[in-house]
Amino acid sequence: MRTIGLLVIGWLLGISCVHAEIDPALLKPLASDGNDAKIAAIAALADGAQREALPVLKALANASLALAGERVVIVDGDRVIDAATNTELTPAPAVTESIGINNRVRRELAAALASLRLFSADREIRWAAAQELALSADAEMLPLLDKALAAETDPEITVRLQLARAQGSLGSSDAVVRLEAVRLLGESSDPNTRQLLMPLTEKNGDSWIEPDSAVRAAAGTSIRAIEKRLAFAENVGRAFTGVSLASILLLAALGLAITYGVMGVINMAHGELLMVGAYSAWAMQGVFQAHFPNVLDWYLLAAIPVGFLAAALVGVLMERVVIRHLYGRPLETLLATWGISLFLIQVARTVFGAQNVEVANPVWMAGGIEVLPNLLLPWNRIIIVGFSLAVLAAMWAILNLSRMGMFVRAVTQNRPMAGCVGVPTGRIDTLAFGLGAGIAGLGGVALSQIANVGPDMGQGYIVDSFMVVVLGGVGQLAGAVWAALGLGVLTKFLEGWTGAVVAKIAVLVIIIIFIQKRPQGLFALKGRFVES
13 MRTIGLLVIG
23 WLLGISCVHA
33 EIDPALLKPL
43 ASDGNDAKIA
53 AIAALADGAQ
63 REALPVLKAL
73 ANASLALAGE
83 RVVIVDGDRV
93 IDAATNTELT
103 PAPAVTESIG
113 INNRVRRELA
123 AALASLRLFS
133 ADREIRWAAA
143 QELALSADAE
153 MLPLLDKALA
163 AETDPEITVR
173 LQLARAQGSL
183 GSSDAVVRLE
193 AVRLLGESSD
203 PNTRQLLMPL
213 TEKNGDSWIE
223 PDSAVRAAAG
233 TSIRAIEKRL
243 AFAENVGRAF
253 TGVSLASILL
263 LAALGLAITY
273 GVMGVINMAH
283 GELLMVGAYS
293 AWAMQGVFQA
303 HFPNVLDWYL
313 LAAIPVGFLA
323 AALVGVLMER
333 VVIRHLYGRP
343 LETLLATWGI
353 SLFLIQVART
363 VFGAQNVEVA
373 NPVWMAGGIE
383 VLPNLLLPWN
393 RIIIVGFSLA
403 VLAAMWAILN
413 LSRMGMFVRA
423 VTQNRPMAGC
433 VGVPTGRIDT
443 LAFGLGAGIA
453 GLGGVALSQI
463 ANVGPDMGQG
473 YIVDSFMVVV
483 LGGVGQLAGA
493 VWAALGLGVL
503 TKFLEGWTGA
513 VVAKIAVLVI
523 IIIFIQKRPQ
533 GLFALKGRFV
543 ES
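Quick note, the sequence shown lines up with residues 13 to 544 if you use our numbering.
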């Protein structure tokens, strides 16, 4: 029995070896001088030998296919491999001529390589091949696409292959086939498909490129349907970008809403607290690079508490050293915090340099989710939105479920009465200012993942932060959330329609008009002292 088993194995191996060989007659035209002969040979290899031809065609694309006498070989460094049998030749023969190709042959070769990859066992390879063929399919590839469609089981790849087949059918001489292809392509959301259909509605001189009027009309209908889907995707993208901007504005404005609501302090240095958080992320990245390179991708998690504590410490120092002595004097406080802002910027320039520093995204924040062919939602922005919601939830819990939060709300609503019943208003001022500064530091950590980190980075967010606070209502979390969301989304839609400068002016005008009609903002602060 053992002998019989060995014979069966040997027979199977022999069959596989025979199957792995390519007829040398199919390879000879690759070395011919005529490009038509090379293209015909490439098509024959792709259609007949299939997977066995993949190394040969790759070698041709990489300029490593050559002639050794009458034999076509693959040159791999010091090794010479017989292209027909895929076995190394020893001793290595002298290579007489390298086989070159021009751009026309290279295009056909790329399509052939993609077609061979359609039958790979790896789903990602087949998907990439289907994507490539969707851009280059023609009528000659229809039999191959039909064969791939019959063998494909993945629904996403099947849809892509159907679109590729429809593209190839546009070159058919049958108007009915072209009409069906145009209608099928109209179901696509790919911008490249729109560009493919555009020539069918145009003229070449006095004559139409597409002679059949029904096909032209269907092409126009399909183009309008694709443009509608593309416009929808663009609007979804603008809305998502607006939500992403809103999450940053919310993190920047939450702390400002607390300090402004509790102490009435207009803190012009709040943007620099964002900068402190961002530089904390950069510093933690350096620490992990030097001491923990194996877990470098997790530096951002360590930067969150560091950024919060660093910004909170700066905030507490500002309140204790300067702001505490200026309560009730808003103009002096504004000028003092503006001076602190300039001081912090200069300190950053002296310590870190005037140039921006690089803060890299961790691997788990790279890439994105492709919702539509022209809509990619980046992971870094998705995670930042989630992070902002988590910070918002923590803030709500602190202000509504903790003793400190009760004191903060009491001081915000009626400071004299809160002091009379024993609330330590001075300590609450310090803690509230530190908490607001720490939240700004968290905003800086998040901002470091999507923007440049430099000494002046906070200047671009201070005005927007104040607009969020004023529009939402002083000391109101709900107001800050809705104001940030509204400003972020509105700004991004206006930028898409009018440009960044006009959009900023329009948003400012809208806020001015709104504040004139409702000075207390979206959500008015409630309390006996406030309402009196």
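Every residue, glycine too, gets a C-beta built ideally from N, C-alpha and C.
query                                                                                                    : result
Backbone CA spacing between Gly438 and Ile316 [nearest angstrom]                                         : 28 Å
CB contact below 9 Å: Gly417 versus chain C                                                              : Among the chains of the structure shown, chain C does not appear; only one protein chain is present.
C-alpha distance - Ala230 paired with Gly183, whole-angstrom precision                                   : 16 Å
Any 3 or more C-beta pairs closer than 8 Å across the stretch 138-145 and the stretch 72-81              : no
Supposed contact pair Ala264 and Tyr473 - C-beta distance, whole angstroms, cut 8 Å                      : 5 Å
Whole-angstrom distance between Ala104 and Leu128, CA atom to CA atom                                    : 29 Å
Segments assigned alpha helix (DSSP H), at least 4 residues, entirely inside the stretch 467-524         : 471-484 and 489-510
Euclidean distance between Cα positions of Val333 and Leu401                                             : 33 Å
Local conformation of Thr165 per DSSP, three classes                                                     : coil
For Ala80: DSSP bridge partner residues                                                                  : Arg83
Member of Pro305, Tyr311, His303 and Met287 whose CA lies at the smallest distance from the CA of Asp297 : Checking the sequence shown, residue 297 turns out to be Gln, not Asp. Closest by alpha carbon: Tyr311.
Proximity of Gly319 and Val457 at Cβ, strictly below 9 Å                                                 : yes
Residues bridged to Asp94 (per DSSP)                                                                     : Val85 and Thr99
Limits of the alpha helix (DSSP H) - the one that Glu136 falls within                                    : Arg135 to Leu145
Ala187 versus Glu164, Glu199 and Ile221, residue with shortest Cα-Cα distance                            : Ile221
Residues sharing a beta bridge with Glu382, DSSP                                                         : Leu388
Selection from Glu164, Leu347 and Gly180 that minimises the alpha carbon distance to Ala151              : Gly180
Alpha carbon of Ile517 to alpha carbon of Pro342, nearest angstrom                                       : 27 Å
Beta-carbon gap between Leu447 and Gly267 smaller than 9 Å                                               : yes
Reduced DSSP category for Asn306 - H, G, I as helix; E, B as strand; rest coil                           : helix
Where Asn247 falls: helix, strand or coil (DSSP)                                                         : helix
Leu101 beta carbon less than 9 Å from that of Val68                                                      : no
Cβ-Cβ distance between Ile238 and Pro203 below 9 Å                                                       : yes
Option in Leu520, Pro167, Phe244 and Asp441 with minimal Cα separation from Val420                       : Asp441
Arg415 and Phe252 closer than 9 Å at C-beta                                                              : no
Val189 in three-state terms, based on DSSP                                                               : helix
Glu120: CB within 8 Å of a non-hydrogen atom of the ligand FMN                                           : Ligands in the displayed structure: none, and consequently the ligand FMN is not present.
Beta carbon of Leu483 nearer than 9 Å to that of Leu534                                                  : yes
Touch test, the stretch 368-375 against the stretch 292-309, Cβ-Cβ under 8 Å, three pairs minimum        : yes
Residue(s) in a DSSP beta bridge with Val359                                                             : Paired residues: none, contrary to the question.
Same chain, Cβ closer than 6 Å to Ala314, five either side skipped, listed in chain order                : Met296
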